[in-house]
Amino acid sequence: MTADVLVIGGSVGGLTTVEALRGKGFRGAVQVVGAEAHLPYDRPPLSKKILSGAWDEEQVRLRGQQELDALDAEFLLCCRAMRLDVEAHTVVLDDGQKLDYGRLVLATGLTPRTLPGTGSLRGVGVLPTLEDSAGLRAQLLAARDVAIVGAGVLGCEVAATAREMGLNMRHRTQPVSTA
Numbered sequence: 064m065t066a067d068v069l070v071i072g073g074s075v076g077g078l079t080t081v082e083a084l085r086g087k088g089f090r091g092a093v094q095v096v097g098a099e100a101h102l103p104y105d106r107p108p109l110s111k112k113i114l115s116g117a118w119d120e121e122q123v124r125l126r127g128q129q130e131l132d133a134l135d136a137e138f139l140l141c142c143r144a145m146r147l148d149v150e151a152h153t154v155v156l157d158d159g160q161k162l163d164y165g166r167l168v169l170a171t172g173l174t175p176r177t178l179p180g181t182g183s184l185r186g187v188g189v190l191p192t193l194e195d196s197a198g199l200r201a202q203l204l205a206a207r208d209v210a211i212v213g214a215g216v217l218g219c220e221v222a223a224t225a226r227e228m229g230l231n232m233r234h235r236t237q238p239v240s241t242a
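The numbering of the sequence shown is the numbering used here, which starts it at 64 and goes up by one.
In structure tokens:
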């Protein structure tokens, strides 16, 4: 099948693209490729509601199944776009499947930055997905102390949630030298 529109990115950007297309009357074939196993969900609650245990997975879904069905789009989950051939209008997925398209939308979001050398350390993580939030919650439930690197909105929300869970915070008042 050739998708009239192929959307790479199965989160809020991809979903709102499909909703906008359908809202403007577009009735062609639409496919959405998403790397995660979940249909589109809201990411901001991951650092507070999911992390604290106040919400479950169903509560972060952006749309119910009936609303998604009404969009008449095929969601291809658990697959990543690996290669793009703009001249041939094809995208190859990580399982080798080749998708043909008429128009392409890249709505891939972001990849979190990690500190060099922390990949093999136990208890170090990032928070971009539902699974990451659940894993971090399990770690926090077993911890006494926590150190948060990053004082942006997400870092502050995770820190606040950790404090609400009774964890001791380790903090620095001086910037860490990278030299």
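The C-beta atom is built at its ideal place from N, Cα and C for all residues, glycine as well.
Treat the numbers as computed from the prediction; the structure is a model and nothing was measured.
**Report entry** Nearest-angstrom beta carbon gap, Gly73 and Pro103 [assumed within contact, 8 Å]
**Finding:** 6 Å
Query raised in the report: What's the gap between the Cα of Gln94 and the Cα of Gln202?
Result: 36 Å
Report task. Rounded to whole angstroms, what's the CA-CA distance from Leu84 to Glu137? Just pull it up for me. Result -> 14 Å
Requested in this report: Alpha carbon to alpha carbon, how far is Glu227 from Ala133? Give it in angstroms, no decimals.
Outcome: 40 Å
Query raised in the report: Measuring CB to CB, does Thr171 end up less than 9 Å from Pro191?
Result: no
Query raised in the report: Quick one, are the C-beta atoms of Ser115 and Arg185 less than 9 Å apart?
Result: no
Query raised in the report: Looking only at its own chain, which residues have a Cβ that is under 6 Å from the Cβ of Cys141, when we skip the five neighbours before and after it?
Result: Ala100
Query raised in the report: Which term fits Glu120, buried or exposed, when burial requires 16 or more other beta carbons within 10 angstroms of its beta carbon?
Result: exposed
Report task. For Glu150, count neighbouring Cβ atoms within 10 angstroms of its own Cβ and tell me buried if that reaches 16, exposed if not. Result -> exposed
Query raised in the report: Where DSSP assigns a beta bridge to Ile71, which residues make up the other side?
Result: Val96, Leu169
Report task. Kindly identify the DSSP beta-bridge partner or partners of Leu147. Result -> Val154
Query raised in the report: In terms of residues, what are the limits of the beta strand (DSSP E) holding Asp195?
Result: Premise fails: Asp195 lies in the alpha helix (DSSP H), 193-204, not in any beta strand (DSSP E).
Query raised in the report: If you drop the 5 nearest sequence neighbours on each side, which residues of the same chain put their C-beta closer than 6 Å to that of Lys112?
Result: Trp118
Requested in this report: Grab me the residues of Arg146's own chain with a C-beta within less than 6 Å of its C-beta, minus the 5 sequence neighbours each way, in chain order.
Outcome: Val155
Query raised in the report: From Ala66, Gly76, Asp67, Met64, pick the residue whose C-alpha is nearest to that of Leu169; which is it?
Result: Gly76
**Report entry** Leu184, DSSP secondary structure in three states
**Finding:** coil
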